[in-house]
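A.B. asks:
Residue numbers (this note's numbering): 69 to 525.
Take a look at the structure:
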């Protein structure tokens, strides 16, 4: 078996695998005349996760601008943070916010950081979330929990005192720190009161917190212990007896949703720095669907016109180039599914741009081949020279595009480069498209020409 035949078999194998992965998750085909339907779809795999079998299927990951949802842009206040610690603090904010949205059950959230000069921002994309108040409550609350002793300060309300000055009743109560707070919290769960059935939040402390909680409740029996969340007193029960075991319940007339959000925020932890809302926007799924449909229609029309031009102008060489373009499309779809590339509207634009560059490589090669044929060289010799002499131009053009794509992706998170999710999506699809275009434009097309046009004079 010759080297050309081996390469051809590799291409056939990759095409079959890519085509099977690129298929929709479920596709029904009716066979004319037999009155039968065949079910096709991309392959599924079963894997064990935490001892439980989970079916994993290849599917396209849609961006926020396609499937709809909400985007929130927050800015972290770094004025009290040393310059060398600000990047670490920003990453801590990102981790806390990511834990919150993960615990809430939002599918495939995106939490990214963006630094420009003295501006430290967090961009959050919440697919499927349309309730603005709920989303802002979820990501914007600091959730700082503490347990403090509630002290009552006597106030003189005698006639002489009231005549002398206006009474400030806010001074009637004060809080005394106990050292017990969210740092010692092990977990928080939603529970229900056994008597009333009302939702409440059960909290469990770690070993250090359990000892401290037992000490506080033992030494201050008969006093009131305030549960303070974000500087607000949730409740202040009387300590009738010491509490051992490190467990307690927070009940403040919560609804089920309020109890769930509170448990999420306590589990995720407090934000290390204050944050402020800069921008929020809600994207409807219908708008994204229209954009995708228009982009796909434009892309398919462009590919058909390009393929028609290639076949009419370059003959059988153009036919093989169109086949290579089809293989390019299948490989691209398969890689998007395998690596979970998020498909956005700018990403689709990058994909269509890379399709044009893939065709451009074939045009350079075929024009070089025509020049060699006009000089009287045999077709196979002209083909080899055409591929060889066109390679420098193809390499330089694609290398420049690859460098541009890497700048857009900003893989090192350089602060002076744009780190927007949409810009990165465009860069990722452009990079994948260019690399695959090099593969299909040079390796695939060259192998197909050698395989099918070797007898051409």
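We treat Cβ as the ideally placed atom computed from N, Cα and C, and that holds for glycine.
Everything numeric in this text was worked out from a predicted model, so none of it was measured.
#1: In the structure shown, what three-state DSSP assignment does residue 396 receive?
#2: Thinking C-beta only, is residue 401 closer than 8 Å to residue 509?
#3: Return helix, strand or coil for residue 203, following the three-state DSSP convention.
#4: How many whole angstroms separate the CB atoms of residue 276 and residue 315, which I take to be in contact at a CB cut-off of 8 Å?
#5: Round the Cβ separation of residue 268 and residue 332 to the nearest angstrom and send it over; I've been treating them as touching at under 8 Å.
#6: On the CB-based measure, 16 or more other CB atoms within 10 Å of its CB, does residue 479 come out buried or exposed?
#7: Measuring CB atoms only, is the region 72-86 touching the region 510-519, in the sense that at least three cross pairs come out at less than 8 Å?
#8: Can you say whether residue 405 is buried or exposed, counting buried as having 16 or more other CB atoms within 10 angstroms of its CB?
#9: Determine whether the beta carbon atoms of residue 507 and residue 418 lie at a separation below 8 Å.
#10: When you compare each of 450, 461 and 246 to residue 437 by their alpha carbons, which one comes out closest?
#11: Which stretch, first to last residue, makes up the alpha helix (DSSP H) that contains residue 187?
#12: Three or more beta-carbon pairs under 8 Å between the region 258-265 and the region 276-296, yes or no?
#13: Does DSSP classify residue 342 as helix, strand or coil?
#14: Secondary structure at residue 513, three-state DSSP: helix, strand or coil?
#15: Check this for me: beta carbons of residue 83 and residue 395, under 8 Å apart or not?
#16: In the DSSP assignment, the beta strand (DSSP E) including residue 272 goes from what residue to what residue?
#17: For residue 526, is the classification buried or exposed, using 16 other Cβ atoms within 10 angstroms of its Cβ as the cut-off for buried?
#18: If I measure Cβ to Cβ from residue 219 and keep anything under 8 Å in the same chain, skipping five residues before and after, which residues do I get?
#19: Taking contact to mean 3 or more Cβ pairs, one atom from each stretch, closer than 8 Å, check whether the region 407-425 and the region 142-152 are in contact.
#20: Could you tell me which uninterrupted alpha helix (DSSP H) segments, each at least 4 residues in length, are contained entirely in the region 305-338, listed from first to last along the chain?
#21: In whole angstroms, what separates the C-alpha of residue 391 from that of residue 444?
#22: How about residue 137 and residue 195: are their beta carbons less than 8 Å apart?
#23: How far does the beta strand (DSSP E) with residue 449 in it extend, from its first residue to its last?
#24: Between which residues of its own chain and residue 466 is the CB-CB distance below 6 Å, once the five residues before and five after are set aside?
#25: What number of angstroms, rounded off, separates the C-alpha of residue 325 from the C-alpha of residue 170?
#26: For residue 86, collect the residues of the same chain with a Cβ closer than 6 Å to its Cβ; drop the 5 residues on either side in sequence, then sort them by chain order.
#27: Nearer than 7 Å: is that true of the beta carbon of residue 136 relative to any heavy atom of the ligand SAM?
#28: Taking the beta carbon of residue 378 as the centre, do at least 16 other beta carbons fall within 10 Å, making it buried, or is it exposed?
#29: Return the CA-CA distance between residue 180 and residue 345, expressed in angstroms with no decimal places.
#30: Can you tell me the Cα-Cα spacing of residue 511 and residue 80, whole angstroms?
#31: Using a Cβ-Cβ cut-off of 6 Å (strictly less than) and excluding sequence neighbours within five positions of residue 59, which residues of its own chain qualify?
#32: Roughly how many whole angstroms lie between the Cα atoms of residue 369 and residue 414?
#33: One question on the structure: do residue 305 and residue 157 come within less than 8 Å of each other, judged by their Cβ atoms?
C.D. replies: The relevant details are as follows:
#1: helix
#2: no
#3: helix
#4: No, residue 276 and residue 315 are not in contact; Cβ-Cβ is about 15 Å, not under 8 Å.
#5: Actually they do not touch by this definition, with Cβ atoms about 15 Å apart.
#6: exposed
#7: yes
#8: buried
#9: no
#10: 450
#11: Residue 187 -> not in any alpha helix (DSSP H); beta strand (DSSP E) instead, spanning 187-195.
#12: no
#13: coil
#14: helix
#15: yes
#16: 267-273
#17: Nothing can be reported for residue 526, as the shown portion of the chain is limited to 69 through 525.
#18: 241, 242, 243 and 244
#19: no
#20: 324-336
#21: 28 Å
#22: yes
#23: Element bounds for residue 449: not the beta strand (DSSP E) but the alpha helix (DSSP H), 447-477.
#24: 502 and 506
#25: 16 Å
#26: 398, 399 and 402
#27: For the structure depicted, the ligand SAM is absent and the ligand set is empty, with no information on it obtainable.
#28: buried
#29: 15 Å
#30: 13 Å
#31: Residue 59 falls outside the range modelled here, since the chain spans only 69 to 525, and no answer is possible.
#32: 18 Å
#33: no
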